[in-house]
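To start, the structure itself, in structure tokens.
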Amino acid sequence: MGQLKGILLVAAGACSYGVLATFVKMATNNGGHIGNLTLGQFVWGILILFILRLLFGGKAKKAVAPASLKEKGQLLLAGTAMGLTSTFYYLAIQYIPVSVGIILLMQAIWMGILLEAILERKFPPFIKIMAAAIVLVGTFLATGILGQEGSLSLDWRGLAFGLAAASSYTVTLYSSNRVVLRLPNLERSYFMVWGGLIITVLFWNLSLIDNFGWADFASWGLLIAVFGTVLPPILLNEGMPITGTGLGSIIASMEIPVSILFAYVLLNEQVGGLQWLGVGLILAAVFWINWPKKAKA
1 MGQLKGILLV
11 AAGACSYGVL
21 ATFVKMATNN
31 GGHIGNLTLG
41 QFVWGILILF
51 ILRLLFGGKA
61 KKAVAPASLK
71 EKGQLLLAGT
81 AMGLTSTFYY
91 LAIQYIPVSV
101 GIILLMQAIW
111 MGILLEAILE
121 RKFPPFIKIM
131 AAAIVLVGTF
141 LATGILGQEG
151 SLSLDWRGLA
161 FGLAAASSYT
171 VTLYSSNRVV
181 LRLPNLERSY
191 FMVWGGLIIT
201 VLFWNLSLID
211 NFGWADFASW
221 GLLIAVFGTV
231 LPPILLNEGM
241 PITGTGLGSI
251 IASMEIPVSI
261 LFAYVLLNEQ
271 VGGLQWLGVG
281 LILAAVFWIN
291 WPKKAKA
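For the sequence shown, the positions run 1 to 297 when the UniProt record's numbering is used.
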């Protein structure tokens with residue numbers, strides 16, 4: 001029963017991330033400005049997490065020493081990667097379909113392998129190198145990046161923002177598993193979201209004033225905050241310790257098909273057989289890396 005609970009929690013967290021891009025695209029299709037939406041995401045996220053800390057964080061906070069100024073700074077810095085991920089990802093899907101945007105975001109799989117190898121100064125094992133190669137092949141198929149005559153079939157701005165989002169997402173994932181782990185999850189998430197808000201304000205600066213709209217901020221901003229800032233970290237942080245990193249990562253890859261299916265249903269984005277084959281290859285690479293290996297006798 002405990003394992004099933006963990007699986008359901010991780011699956012719910014992945015699905016929350018999966019629907020996010022579709023909601024953002026729907027909001028911008030209705031005239032919403034990305035800066036305003038991202039601002040709403042982090043402001044509402046901070047308010048909700050602050051309330052959750054007051055309601056549920058008391059016992060956990062008493063069990064550990066309060067965060068030092070240095071630790072808060074580390075979490076704020078880690079949160080800037082989260083803010084840049086949202087900004088770049090939302091910009092990307094203004095130029096390319098959501099079904100392609102999620103594939104570009106998942107380049108964090110091989111980017112994470114590369115980052116880990118650089119920072120730890122250790123050559124990655126063969127299985128990870130092969131998995132990274134499979135992800136790249138799957139990406140080539142899933143994005144349909146080249147047209148029939150070999151020309152670039154996607155807007156280069158969407159590709160650039162998509163890869164920038166993947167790069168910052170890689171940093172987010174890496175720091176989330178390594179920065180100030182002694183603090184409760186709600187506490188860590190709270191300060192990281194503050195970092196996301198700060199970088200969002202710095203990135204968009206005066207355009208936030210020019211393009212501010214209370215209706216989008218209060219409605220779409222709140223919805224995006226719930227599905228992009230509040231639910232995923234809470235659900236994943238609760239579920240991952242139960243499932244373990246390997247199984248949890250496999251379940252979390254549901255984010256890809258969920259994102260594509262929601263884009264198909266709500267945005268009428270068409271996805272061909274070749275694209276689904278590419279998605280299948282990417283998911284297979286995730287399974288291969290994370291599937292538990294039998295210990296040698």
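C-beta: ideal position from N, C-alpha, C; glycine also.
May I ask you to report which of helix, strand or coil DSSP gives Trp291?
Within the sequence shown, numbered from 1, the residue matching residue 291 stands at position 291. Here Trp291 sits in coil by DSSP.
Cβ atoms of Phe88 and Ala165: under 8 Å apart, would you say?
The sequence position of residue 165 within the sequence shown is 165, counting from 1. The sequence position of residue 88 within the sequence shown is 88, counting from 1. In this structure, Phe88 lies closer than 8 Å to Ala165 by Cβ.
For the alpha helix (DSSP H) containing Asn237, name the first residue and the last one.
In the sequence shown, counting from the first residue as 1, residue 237 sits at position 237. Asn237 -> alpha helix (DSSP H) spans Leu231 to Thr243.
By the 10 Å Cβ neighbour count, where 16 or more other Cβ atoms means buried, how is Trp291 classified, buried or exposed?
If you number the sequence shown from 1, residue 291 lands on position 291. Trp291 comes out exposed.
Going by the CB atoms, is the gap between Gly13 and Pro232 shorter than 8 Å?
The count along the sequence shown starts at 1 and reaches residue 232 at position 232. The count along the sequence shown starts at 1 and reaches residue 13 at position 13. Yes, the pair counts as a contact, with Cβ atoms nearer than the cut-off.
DSSP-derived helix/strand/coil call for Met111:
One-based indexing of the sequence shown puts residue 111 at position 111. DSSP places Met111 in helix when its eight states are reduced to three.
Look at the Cβ atom of Leu186, then the Cβ atom of Leu76, and state whether they are nearer than 8 Å.
Counting from 1 along the sequence shown, the entry for residue 186 is found at position 186. Counting from 1 along the sequence shown, the entry for residue 76 is found at position 76. No, they are not a contact pair.
Span separating the alpha-carbon of Glu149 from that of Leu47
Along the sequence shown, one-based indexing puts residue 149 at 149. Along the sequence shown, one-based indexing puts residue 47 at 47. Residue confidence is low: Glu149 scores 47 on pLDDT, short of 50, so the model does not pin down where it sits. Its coordinate-derived value is still stated next. One C-alpha to the other measures close to 51 Å.
Does DSSP put Arg178 in a helix, a strand or coil?
Along the sequence shown, one-based indexing puts residue 178 at 178. DSSP places Arg178 in coil when its eight states are reduced to three.
Mind checking whether Ala92 and Ser168 have CB atoms under 8 Å apart?
The residue labelled residue 92 in the question sits at position 92 within the sequence shown. The residue labelled residue 168 in the question sits at position 168 within the sequence shown. Their beta carbons are not under 8 Å apart, which means Ala92 does not touch Ser168 by this criterion.
One question on the structure: do Thr22 and Leu235 come within less than 8 Å of each other, judged by their Cβ atoms?
Against the sequence shown, residue 22 aligns to sequence position 22. Against the sequence shown, residue 235 aligns to sequence position 235. Contact: no.
Backbone secondary structure at Ile93 - three-state DSSP
Locating residue 93 in the sequence shown gives position 93, where the first residue counts as 1. In the structure shown, Ile93 sits in coil (DSSP, three-state: anything other than H, G, I, E or B).
Residue interval of the alpha helix (DSSP H) (run including Ala133):
As a first step, residue 133 is located in the sequence shown; it is residue number 133 there, counting from the start. Phe126 to Thr143 is the span of the alpha helix (DSSP H), which, as asked, contains Ala133.
Own chain residues within Cβ distance below 7 Å of Ile289, not counting five before or after:
The residue labelled residue 289 in the question sits at position 289 within the sequence shown. Within the same chain, Ile289 has close Cβ partners Ile127, Lys128 and Ala131.
Taking the alpha helix (DSSP H) that Ser16 falls in, what are its first and last residues?
Residue mapping note: residue 16 aligns to position 16 of the sequence shown, counting from 1. First-last of the alpha helix (DSSP H) with Ser16: Gly2 to Asn29.
Buried/exposed call for Ile256, threshold 16 Cβ in 10 Å
As a first step, residue 256 is located in the sequence shown; it is residue number 256 there, counting from the start. Ile256 is buried by the Cβ-count criterion.
Residues in its own chain within less than 6 Å of Lys17 by CB, not counting five upstream and five downstream?
Within the sequence shown, the letter at position 17 stands for residue 17. For the sequence presented, residue 17 should be read as Tyr rather than Lys. For Tyr17, where only same-chain residues beyond five positions count, the Cβ hits under 6 Å are Pro232 and Glu255.
Residue range of the alpha helix (DSSP H) that includes Gln270:
Position 270 of the sequence shown, counted from the start, is the residue given in the question as residue 270. Neither: Gln270 is in no alpha helix (DSSP H) and is coded neither H nor E.
Just the C-alpha distance for Met192 and Ala78, rounded to the nearest angstrom, thanks.
The sequence position of residue 192 within the sequence shown is 192, counting from 1. The sequence position of residue 78 within the sequence shown is 78, counting from 1. Spanning the two alpha carbons is a distance of roughly 6 Å.
In whole angstroms, what is the alpha-carbon distance linking Gly273 and Leu52?
Stepping through the sequence shown from its first residue, residue 273 is reached at position 273. Stepping through the sequence shown from its first residue, residue 52 is reached at position 52. Computed Cα separation, rounded: 43 Å.
Take every Cβ of the segment 26-37, pair it with every Cβ of the segment 197-216, and state whether three or more of those distances are shorter than 8 Å.
yes
State yes or no: is the C-beta of Val279 within less than 8 Å of the C-beta of Ile260?
Taking the first residue of the sequence shown as position 1, residue 279 is located at position 279. Taking the first residue of the sequence shown as position 1, residue 260 is located at position 260. Result yes, Cβ atoms of Val279 and Ile260 sit closer than 8 Å.
Smallest Cα separation from Lys72: which of Val179, Leu84, Leu141 and Val64?
Along the sequence shown, read from residue 1 onward, the residue named residue 72 stands at position 72. Comparing Cα-Cα distances from Lys72 to each of Val179, Leu84, Leu141 and Val64, the minimum goes to Val179.
Just to confirm before moving on: does the CB-CB distance between Ile109 and Gly158 stay below 8 Å?
Along the sequence shown, read from residue 1 onward, the residue named residue 109 stands at position 109. Along the sequence shown, read from residue 1 onward, the residue named residue 158 stands at position 158. No, the Cβ-Cβ distance between Ile109 and Gly158 is not below 8 Å.
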